[in-house]
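K.L.:
If you scroll down you'll find the structure; I have some questions about it.
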Amino acid sequence: MSNYSDWIQNAIVSALPQLLTQGFQLNNRELATLAWLVVCLITLTVAALSGRDLCSTLVGHLRMAVSPKLVILWITYGAWILLFIVVVDQFVIWNPVLTKGTLVWGLTTGIAMFVGFTEAGSLEYFREELSTVLSVIVLVEFFLNVDPFPLWFEFLLQPILFFFTVAPVVAREPEQQKTSRRVRNWIFLILVLAIVVKTAQSLSTSWQTLNWKFFALQAVWPMLLGVWVLVLVFPLAIFSSYENAFVQLRTSRDNPTGLWKAKLGLILALRLRLKWIREASKGGSYEVANAESVSGAYEAAKHYKADLVAEERQEVAYQENLVRYAGSTELNEGGRPRDKREFRESARALKWLHTCQMGWYEREPEGYKPNLIERFGDDFTRSGLDIPSGITLEVSDDGERWYAWRRTPGGHCFAIGASKEPPSEWLYDGPEPPQDFPGIGSEWGDSPFSMDECPNWYP
């Protein structure tokens, strides 16, 4: 055992000078970041050892990370980065000093970009990622990391930057968000100015001896790596989306034999159109799944894609009309308002409120909750509304009836409510809010679950 330990120690000692020549010497900022990572790892380990649930969760994540599929992905990713180095070396661009930067980028930004293939749903995703990779921000980040502060200052700086980055996300109230954002912006401005001044001074002192060609290569190196990784992300996104689409075909097909025909027909129809493949992975391809031939699956997939295209065009027209008729008081041929701003958002928010009222009624059977909106901070941002939401909630004295309403920017009102215990649901929309509870006020109609008094709930 001692001989083995000596061998490891000798290997490290002999490799260290070579690593240093390859640029592996960490600067103060990287050392401070590494130190904080070690602190977080130790804290997480202690917490995991003291809590069985957390420990089992961490073990589960670790097992998932080393599952065969993910191991193949990690190997593919590493091989792709190595291939990039081989390619640029053929053009006499590669410099061994770039090794550390490549490794750090590959384990941080690169990994995040690589696993993004699961989120890639269209070519627009790649356009946005490419614009981020090639943005001026990448150059600014490199410039700001040229000459770090002393180690003790960097060690204190890391948690400060982390705090003012996370605080605006944690603060949910508007005033808290404004205050934290204002403080964060000022702190960032002061720190950035200090870093810029220090970096400029450092560059001015080494102006004559600086290798500007290599300096420029270091600056654009993350951009080149980012573009290279995006080239790999696209086929992975196609493969992953088709894999999920095939799962939908398998679950939708009545007869499991001949599934390959449906798969081939889908591929021939959708080809490399990532957007439509991703839609097929969500379902809705029943006709394709149950086709008895490749040609039948192909035709069914073409019709499926045509329906998706028609829906997309309708959505584009809807969004254009939101802009075109903003502020208009006109009504369409069916007597509905043309100004539909926040119609969907209001309906989603009120539907969610109704779901919450039903849940809390079952949890606390003493009636519907008049303070339910306050319980979750008037936060309907997931439905697309700002804080405050503008929703008004009314509950009867006995807690057995309730309704909530909201006025859209165009002046139209949406309302939802209940006249008895769940799942009672009444819907309403009109130029003015309801004046009484469901089942009592005539504006709600004659019965629950009726669409007669709410034509704009499902435009």
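The sequence shown begins at 2 in the numbering used here and counts up by one. No residue lacks a Cβ here, since even glycine has one placed at the ideal position from N, Cα and C. These numbers were taken from a predicted model, which means no experiment stands behind them.
(1) Quick check on residue 275: does DSSP put it in helix, strand or coil?
(2) Inspect the beta-carbon positions of residue 435 and residue 406 and report whether they are closer than 8 Å.
(3) First and last residue of the beta strand (DSSP E) that includes residue 458?
(4) Where DSSP assigns a beta bridge to residue 396, which residues make up the other side?
(5) Applying the 10 Å Cβ sphere with the 16-neighbour rule, what's the burial state of residue 97?
(6) With a cut-off of 8 Å on the beta carbons, I'd call residue 266 and residue 292 a contact; round off their distance for me.
(7) Is residue 287 helix, strand or coil when you go by DSSP?
(8) Residue 65 to residue 72, Cα distance in whole Å?
(9) How would you call residue 111, buried or exposed, if buried means at least 16 neighbouring beta carbons within 10 angstroms?
(10) Looking at the secondary structure, which residues open and close the beta strand (DSSP E) in which residue 441 lies?
(11) Compute the Euclidean distance between the alpha carbons of residue 368 and residue 68, then round it to the nearest angstrom.
(12) Buried or exposed: residue 54, going by 16 or more other Cβ atoms within 10 Å of its Cβ?
(13) Do residue 204 and residue 211 count as a contact pair if the criterion is CB distance below 8 Å?
(14) Who does residue 408 pair with in a DSSP beta bridge?
(15) Could you name the residues that DSSP lists as bridge partners for residue 419?
(16) Check the C-beta distance from residue 282 over to residue 245 and give it rounded, since I have them as a contact under 8 Å.
(17) Considering only C-alpha positions, which residue in the set 289, 213, 234 is nearest to residue 247?
(18) From what residue to what residue does the beta strand (DSSP E) around residue 431 run?
(19) When we look at the beta-carbon of residue 41 and count the other beta-carbons within 10 Å, is it buried (16 or more) or exposed?
(20) Using CA coordinates, which residue listed in 63, 334, 458, 357 is at the minimum distance from residue 380?
(21) Would you decide whether residue 420 is buried or exposed? Buried here means 16 or more other CB atoms lie within 10 Å of its CB.
(22) Looking at residue 314 and the ligand MN, is the gap between the Cβ and the nearest heavy atom below 7 Å?
(23) Is residue 264 closer than 8 Å to residue 294 when the C-beta atoms are compared?
(24) Applying the criterion that 16 or more other CB atoms from any shown protein chain within 10 Å of the CB defines a buried residue, is residue 348 buried or exposed?
(25) Alpha carbon to alpha carbon, how far is residue 82 from residue 92? Give it in angstroms, no decimals.
(26) By the DSSP assignment, the alpha helix (DSSP H) with residue 126 in it spans what residues?
(27) Please specify which runs of the alpha helix (DSSP H), each continuous and at least 4 residues long, are wholly inside the stretch 22-56, giving them in chain order.
(28) Taking DSSP as the reference, what is the three-state secondary structure of residue 236?
(29) Could you check if residue 430 is buried or exposed, using at least 16 other CB atoms within 10 Å of its CB as the buried criterion?
(30) By the three-class DSSP mapping on this structure, what secondary structure does residue 309 have?
(31) Comparing alpha-carbon positions, which option in 255, 303, 253 lies nearest residue 270?
(32) Going by CA-CA distance only, name the one from 222, 385, 242, 277 that's closest to residue 1.
(33) DSSP state of residue 151, grouped into three classes?
P.N.:
Looking at the coordinates:
(1) Within the sequence shown, residue 275 is the residue found at index 274, counting from 1. Here residue 275 sits in helix by DSSP.
(2) For the purposes of this step, residue 435 is identified with residue 434 of the sequence shown, where counting begins at 1. For the purposes of this step, residue 406 is identified with residue 405 of the sequence shown, where counting begins at 1. Contact: yes.
(3) Your numbering for residue 458 matches position 457 in the sequence shown. No beta strand (DSSP E) holds residue 458; DSSP gives it neither H nor E.
(4) Locating residue 396 in the sequence shown gives position 395, counting from the first residue. Paired residues: 403.
(5) The residue you call residue 97 lines up with position 96 of the sequence shown. The residue is exposed, with fewer than 16 neighbouring Cβ atoms inside 10 Å.
(6) Counting from one through the sequence shown, the residue named residue 266 turns up at place 265. Counting from one through the sequence shown, the residue named residue 292 turns up at place 291. Going by Cβ atoms, the distance from residue 266 to residue 292 rounds to 6 Å, so yes, they are a contact pair.
(7) The sequence position of residue 287 within the sequence shown is 286, counting from 1. Residue state, collapsed to three classes: helix.
(8) As a working note, residue 65 is residue 64 in the sequence shown. As a working note, residue 72 is residue 71 in the sequence shown. A direct Cα-Cα distance of roughly 10 Å separates residue 65 from residue 72.
(9) Numbered from its first residue, the sequence shown carries residue 111 at position 110. The residue is buried, with at least 16 neighbouring Cβ atoms inside 10 Å.
(10) Taking the sequence shown and counting its residues from 1, one reaches residue 441 at position 440. It is not in any beta strand (DSSP E) - residue 441 carries neither H nor E in the DSSP assignment.
(11) For this step, residue 368 is matched to residue 367 along the sequence shown. For this step, residue 68 is matched to residue 67 along the sequence shown. Distance between the alpha carbons of residue 368 and residue 68 is about 49 Å.
(12) Here residue 54 is taken as the residue at index 53 of the sequence shown, counted from 1. Residue environment analysis places residue 54 among the exposed positions, since fewer than 16 neighbouring C-beta atoms fall within 10 angstroms of its C-beta.
(13) Position 210 of the sequence shown, counting from 1, holds the residue named residue 211. Position 203 of the sequence shown, counting from 1, holds the residue named residue 204. For residue 211 and residue 204, yes; Cβs fall inside 8 Å.
(14) Residue mapping note: residue 408 aligns to position 407 of the sequence shown, counting from 1. Answer by DSSP bridge pairing, in chain order: 414.
(15) Residue mapping note: residue 419 aligns to position 418 of the sequence shown, counting from 1. For residue 419, which the question treats as bridged, DSSP gives the partners 403.
(16) Counting from one through the sequence shown, the residue named residue 282 turns up at place 281. Counting from one through the sequence shown, the residue named residue 245 turns up at place 244. Sure, about 4 Å apart at Cβ, within 8 Å.
(17) Residue 247 sits at position 246 when you count from the first residue of the sequence shown. It is 289 whose Cα lies nearest to the Cα of residue 247.
(18) Looking up residue 431 in the sequence shown gives position 430. Run containing residue 431: 427-431, per the beta strand (DSSP E) assignment.
(19) Along the sequence shown, read from residue 1 onward, the residue named residue 41 stands at position 40. By the 10 Å Cβ count, residue 41 comes out exposed.
(20) Start at 1 with the first residue of the sequence shown, and residue 380 comes out as number 379. Ranking 63, 334, 458, 357 by CA distance to the CA of residue 380 puts 357 first.
(21) Translated into positions along the sequence shown, residue 420 becomes position 419. Counting the other Cβ atoms within 10 Å of the Cβ of residue 420 gives 16 or more, which makes it buried.
(22) Judged by which ligands are present, the structure shown has none, so any question about the ligand MN falls away.
(23) Along the sequence shown, read from residue 1 onward, the residue named residue 294 stands at position 293. Along the sequence shown, read from residue 1 onward, the residue named residue 264 stands at position 263. Between residue 294 and residue 264, the C-beta gap is not smaller than 8 Å, which leaves the two residues out of contact.
(24) Stepping through the sequence shown from its first residue, residue 348 is reached at position 347. Residue 348 comes out buried.
(25) Residue numbering aside, residue 92 sits at position 91 when the sequence shown is read from its first letter. Residue numbering aside, residue 82 sits at position 81 when the sequence shown is read from its first letter. Roughly 16 Å between the two C-alpha positions.
(26) Taking the sequence shown and counting its residues from 1, one reaches residue 126 at position 125. Taken as a continuous stretch (DSSP letters only), the alpha helix (DSSP H) holding residue 126 covers 124-134.
(27) Listed in chain order, they are 29-51.
(28) As a working mapping, residue 236 is identified with position 235 in the sequence shown. In this structure, residue 236 counts as helix in the three-state DSSP scheme.
(29) Along the sequence shown, read from residue 1 onward, the residue named residue 430 stands at position 429. With 16 or more neighbouring CB atoms inside 10 Å of its own CB, residue 430 falls in the buried class.
(30) Within the sequence shown, the letter at position 308 stands for residue 309. Residue 309: helix per DSSP, three-state reduction.
(31) Position 269 of the sequence shown, counted from the start, is the residue given in the question as residue 270. For residue 270, the nearest C-alpha among the options comes from 303.
(32) Outside the modelled stretch of the chain, which goes from 2 to 460, sits residue 1, for which no answer is possible.
(33) Within the sequence shown, numbered from 1, the residue matching residue 151 stands at position 150. Reduced to three states, the DSSP call for residue 151 is coil.
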